[in-house]
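Here the protein sequences line up with chains A and B, keeping their order. Note that the UniProt record's numbering gives residue 27 to position 27 of the first sequence, counting from 1, and the numbers run on in steps of one. Note that the UniProt record's numbering gives residue 116 to position 116 of the second sequence, counting from 1, and the numbers run on in steps of one. Where a beta carbon is used, it is the ideal one built from N, C-alpha and C, also for glycine.
There are 2 protein chains.
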Amino acid sequence: MQSVRTLVLATAKFGSKVQSLKASRQLRFSSTFSSTSGFRAVHSSEVKHQGPVAKPKDEEKQQVVLVNAIRDIDGSMITIGTSTGEQHQYPSVWLRDNCQCPKCFNTTMQSRTVDWKYFDINIKPTHVMAEENQLKLVWNDGHESDYDLNWLLERSFTENVRKEWMKQHYPMTRISWGTVDFNKILKKYDFNDILNSDATLLDWLENIATYGIALIDNTPPQEDQLRRVADRVGFIRRTQYGEEYMVKHQPGTSNLAYTSGNLQMHTDLPYYDYKPGINMLHCLVQTEGTGGENQVTDAMHVAEKLKREKPEVYKVLTETPVEWCDIGQESGYSFHSLYRTPVILNDSNGDFLRADYSQQQRDSHFSVPLDQVIPWYEAHAAFTEELYNPENTVYFKLKEREILVFDNIRLLHGRKGYEDKPSNTRHLVGSYVDWDVAYSRIRVLRKKLRGHIRSHLSSTPVQKCT
Amino acid sequence: MQSVRTLVLATAKFGSKVQSLKASRQLRFSSTFSSTSGFRAVHSSEVKHQGPVAKPKDEEKQQVVLVNAIRDIDGSMITIGTSTGEQHQYPSVWLRDNCQCPKCFNTTMQSRTVDWKYFDINIKPTHVMAEENQLKLVWNDGHESDYDLNWLLERSFTENVRKEWMKQHYPMTRISWGTVDFNKILKKYDFNDILNSDATLLDWLENIATYGIALIDNTPPQEDQLRRVADRVGFIRRTQYGEEYMVKHQPGTSNLAYTSGNLQMHTDLPYYDYKPGINMLHCLVQTEGTGGENQVTDAMHVAEKLKREKPEVYKVLTETPVEWCDIGQESGYSFHSLYRTPVILNDSNGDFLRADYSQQQRDSHFSVPLDQVIPWYEAHAAFTEELYNPENTVYFKLKEREILVFDNIRLLHGRKGYEDKPSNTRHLVGSYVDWDVAYSRIRVLRKKLRGHIRSHLSSTPVQKCT
Chain A
1 MQSVRTLVLA TAKFGSKVQS LKASRQLRFS STFSSTSGFR AVHSSEVKHQ
51 GPVAKPKDEE KQQVVLVNAI RDIDGSMITI GTSTGEQHQY PSVWLRDNCQ
101 CPKCFNTTMQ SRTVDWKYFD INIKPTHVMA EENQLKLVWN DGHESDYDLN
151 WLLERSFTEN VRKEWMKQHY PMTRISWGTV DFNKILKKYD FNDILNSDAT
201 LLDWLENIAT YGIALIDNTP PQEDQLRRVA DRVGFIRRTQ YGEEYMVKHQ
251 PGTSNLAYTS GNLQMHTDLP YYDYKPGINM LHCLVQTEGT GGENQVTDAM
301 HVAEKLKREK PEVYKVLTET PVEWCDIGQE SGYSFHSLYR TPVILNDSNG
351 DFLRADYSQQ QRDSHFSVPL DQVIPWYEAH AAFTEELYNP ENTVYFKLKE
401 REILVFDNIR LLHGRKGYED KPSNTRHLVG SYVDWDVAYS RIRVLRKKLR
451 GHIRSHLSST PVQKCT
Chain B
1 MQSVRTLVLA TAKFGSKVQS LKASRQLRFS STFSSTSGFR AVHSSEVKHQ
51 GPVAKPKDEE KQQVVLVNAI RDIDGSMITI GTSTGEQHQY PSVWLRDNCQ
101 CPKCFNTTMQ SRTVDWKYFD INIKPTHVMA EENQLKLVWN DGHESDYDLN
151 WLLERSFTEN VRKEWMKQHY PMTRISWGTV DFNKILKKYD FNDILNSDAT
201 LLDWLENIAT YGIALIDNTP PQEDQLRRVA DRVGFIRRTQ YGEEYMVKHQ
251 PGTSNLAYTS GNLQMHTDLP YYDYKPGINM LHCLVQTEGT GGENQVTDAM
301 HVAEKLKREK PEVYKVLTET PVEWCDIGQE SGYSFHSLYR TPVILNDSNG
351 DFLRADYSQQ QRDSHFSVPL DQVIPWYEAH AAFTEELYNP ENTVYFKLKE
401 REILVFDNIR LLHGRKGYED KPSNTRHLVG SYVDWDVAYS RIRVLRKKLR
451 GHIRSHLSST PVQKCT
């Protein structure tokens, strides 16, 4: 391992590999929207043939040695050079803000402790050294900071490094699917494996994040089993319908799901700002007669199709706010929930982020100018037609002991009407887990099982259903 | 009460009061952002002198009589005329979609039951009648629909009616405040009143929604009392730190709040997409020595000031995404939470919607192009300076039995360091309730106590502190 000590206080001459200070301002603001950030949308056909597993970047980095470090004339920028000929620039203010010494950073809490009430953004280093693969700085207030080369390289402001980091940490490439793809993308997991194997748990979560749906089988036939699954992920998301809700025919209910009638395609709780992320339905008793089939459609797939084939319809669906409403009572708790958002919500790249759709929860109040009403109904009808188009929608009758798990802000679900008999009362239990919690678990498990939190999609082909 | 029956199948001649079909497309898309929708920002100085209580619109409407109803030549639009000379237009497709008959609408569930799989958006009425203050339609498939005049008027597509409805249902006018206003806007409520009086509960919730802060006093000194308050609103919002978290010095903790050190100004859980809405801190034991004071700043007030005085700084703060991160363990639960959003998030009107700020949870990864780094640090320093500016920030030492309640996506809070003694261990309990749940409760209580869900701010002056 080579180490080179340099101390440069003169004007720096930057090499051609130094990134441009005028780098284009390519911000992706999906994170500013009301949903999980960083989704990348891909169609299932695009990921079926991929190359071999890429060599992890960490291994490559171990070969790299810090060869020099220089500051620019006013001390506001530090440039490091490596044995591979790369140069990386770091603003002094960022370096001081991220000093890793025990006074400035608490490693136990993984928290910055620099007090910003007294922080001087004009602070400059007086001494800049490259020593034993560390950048060492002495600041003009006497404070000293050391930075490991690998730590710096992982935080490089070059476009490639930033893109790689984003891919690793917001890795939710979502792959859309139609009916023809359904058998390929639907995986079934064993209940006990979910509970006992971290690898299975991770694979299951990644599949829900990617395709929006997965099944669990061999679930014990008790009402409290979803809680065990949710606890493996993190914890249940409570809503106005409780932590677990019983889906069976309940006379006098204030919710259409609690009847035996046909249940039109919908997302759950569109009338919340914080819509539940992952929806789980555990089948305890299925109807022995006809009906009771579940239906699901990937709204992302439908949205992409409309965007491609009927851009005007897509535009109307993404720009017309709709009132979603739920007024009622549940176990003595009265609610009047209301939220205003379009049927399709785009991220700021114009890509599908979320769907809200429910005839039963769409308010009769429609607070838009009159001239937008008929165009919206036309667009809504076109969207609905695609939702029920056999090319896009699938029906299946959930079996007892199965749990249907799906992305509630992406997939629409419905149910065919059925008829209970005295000896056969259809009975499902429902519960939710939020994406914040599921993504956290994915990152923790990736780190634990793979040593990094890179997406499985960057190296593996699409999973086949079992 | 006069009733006039008309049957008009010829071309309609619309009066001058008919709203323009070319109404301007004034959409406010705050609802598409990652926060509660429909906020309107006002400064406290703007609402101190208001007029008397306005006459409720419902009373006025009782005087109005339906005098005629006509359809246009192709049957796509119905116009009704009232005894006050007003005319209101309703698209036929909207009327059919919102038929209130038992086949199309379930009043128990307050849900549309029209099956959209078979819905014909080109359906037209063949007969249009105004009878006994009802619009009566016969459709070309033979279906019949009746609509009460008041029901129709409440759903008019005219700009005034839509604005009034929005004001009533998304009524969260938020009033910003600085230090000089603090004593005027801070109200203190009695714990038992919150628990036993719906009027107090509503007043308290409206004050938190409006000013972002309120105190509760006389709370019993047990760790489970926040749950009683949360249950009055709806239910607790669970996070990775549990449903209730203990804020006291805990050696080896992974969270800076659980130390006795100085706690810089911050919002809680910026690393969640779904950030907790209302933050409650119950003081069980306060330190008897120096320190331990809480500090709060209204980030909306600071944001408005920066927008006015330093628009470039404001722009950078709203456009530069920042990584917020929390990696750790809590009661055996491992998490790796991560979210990317600017320090100030605007709604699509360019007004303040939400703040995310935390030195301790801001990641050292800063995934923006190099040329954005220094401008962001400059903006962040300007924001921080205003947060600690004595004109904007207030300190107060929470007393035992008090609960500090504040809007976690609007107010920043901090704490001065303190020192525990063997006989005096500072001890607070924290818990959250989401805005979805709080707003639902506000609507339910307004309806119950006032018969409507209009904002108290439209008719009453600013509350004085007690």
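Coarse secondary structure for residue i, derived from DSSP in three states
i: R238 (chain A); result: coil
i: F119 (chain B); result: coil
i: Y90 (chain A); result: strand
i: F33 (chain A); result: For F33 (chain A), the predicted structure reports a pLDDT of 31, less than 50, and the residue's modelled location is therefore unreliable. The matter cannot be settled from this model.
i: H427 (chain A); result: strand
i: Q372 (chain B); result: helix
i: residue 517 (chain A); result: The structure shown does not extend to residue 517 (chain A), since chain A is modelled only from 1 to 466, so the question has no answer here.
i: R155 (chain A); result: coil
i: K163 (chain B); result: helix
i: Q222 (chain A); result: coil
i: L457 (chain A); result: The pLDDT assigned to L457 (chain A) is 48, lower than 50, so where the model puts this residue is not dependable; a value taken from the coordinates is nonetheless given after this. Here L457 (chain A) sits in helix by DSSP.
i: N196 (chain B); result: helix
Cross-chain neighbours of residue i in chain B, by beta carbon under 9 Å
i: N68 (chain A); result: By Cβ distance, chain B contributes nothing, its closest Cβ being about 19 Å from N68 (chain A), past 9 Å.
i: M172 (chain A); result: None at all; the shortest Cβ gap to chain B is about 12 Å.
i: L412 (chain A); result: Simply none; closest approach about 12 Å.
Beta-ladder partner(s) of residue i, from DSSP
i: N279 (chain B); result: B:F406 and B:Y432
i: D326 (chain A); result: A:S337
i: Q63 (chain B); result: Q63 (chain B) is not bridged to any residue.
i: P125 (chain B); result: B:W139
i: V285 (chain B); result: B:H427
i: H380 (chain B); result: The partner list for H380 (chain B) (beta bridge, DSSP) is empty, contrary to what the question assumes.
i: K416 (chain B); result: DSSP lists no partner for K416 (chain B).
i: M77 (chain B); result: B:P91
i: T393 (chain A); result: A:T297
7 Å Cβ cut-off: residues of chain A touching residue i
i: I123 (chain B); result: By Cβ distance, chain A contributes nothing, its closest Cβ being about 11 Å from I123 (chain B), past 7 Å.
Cutoff 7 Å; reference residue i; Cβ partners in own chain excluding five residues on either side
i: G51 (chain A); result: Annotation note: pLDDT 33 at G51 (chain A) (below 50); position unreliable, coordinate value reported separately. Excluding residues within five positions, none has a Cβ falling inside 7 Å.
i: Y271 (chain A); result: W324, C325, D326, S337, L338, Y339 and Q361
i: E386 (chain B); result: V302, K305, L306 and N392
i: K447 (chain A); result: I453
i: Y211 (chain B); result: I175, W177 and I185
Within-8 Å CB hit, residue i to chain D
i: M280 (chain B); result: Of the chains in the structure shown, none is chain D; the protein chains are A and B.
6 Å CB neighbourhood of residue i in its chain, flanking five on each side removed
i: I403 (chain A); result: I216, T219, M280 and H282
i: Y147 (chain B); result: L135
i: H427 (chain B); result: K248, L284 and V285
i: A379 (chain B); result: V313, V316 and L317
Residue-level contact to chain A via CB, residue i, 8 Å cutoff
i: I175 (chain B); result: no
i: D298 (chain B); result: no
i: L149 (chain B); result: no
i: M109 (chain B); result: yes
i: L153 (chain B); result: no
i: Q222 (chain B); result: no
i: L256 (chain B); result: yes
i: S364 (chain B); result: yes
Residue-level contact to chain B via CB, residue i, 8 Å cutoff
i: V229 (chain A); result: no
i: N98 (chain A); result: yes
i: K13 (chain A); result: Reliability of the predicted coordinates at K13 (chain A) is poor, the pLDDT of 29 falling under 50, and no value is obtained from them.
i: K307 (chain A); result: no
i: Q240 (chain A); result: yes
i: L449 (chain A); result: no
i: K117 (chain A); result: yes
i: H336 (chain A); result: yes
Sequence-distant residues of its chain with Cβ nearer than 8 Å to residue i (five each side left out)
i: L205 (chain A); result: V233, A438, R441, I442 and L445
9 Å Cβ cut-off: residues of chain A touching residue i
i: W139 (chain B); result: What W139 (chain B) touches in chain A: nothing, since even the nearest Cβ is about 15 Å away.
i: Q295 (chain B); result: By Cβ distance, chain A contributes nothing, its closest Cβ being about 10 Å from Q295 (chain B), past 9 Å.
Listed by chain order, chain A residues near residue i by CB distance under 8 Å
i: V114 (chain B); result: Q359
Partner residues on chain B for residue i, Cβ-Cβ distance less than 7 Å
i: E206 (chain A); result: The contacting residues do not exist; E206 (chain A) stays about 15 Å from chain B at best.
i: R162 (chain A); result: S367
Interface partners of residue i on chain B, CB under 8 Å
i: S76 (chain A); result: I374
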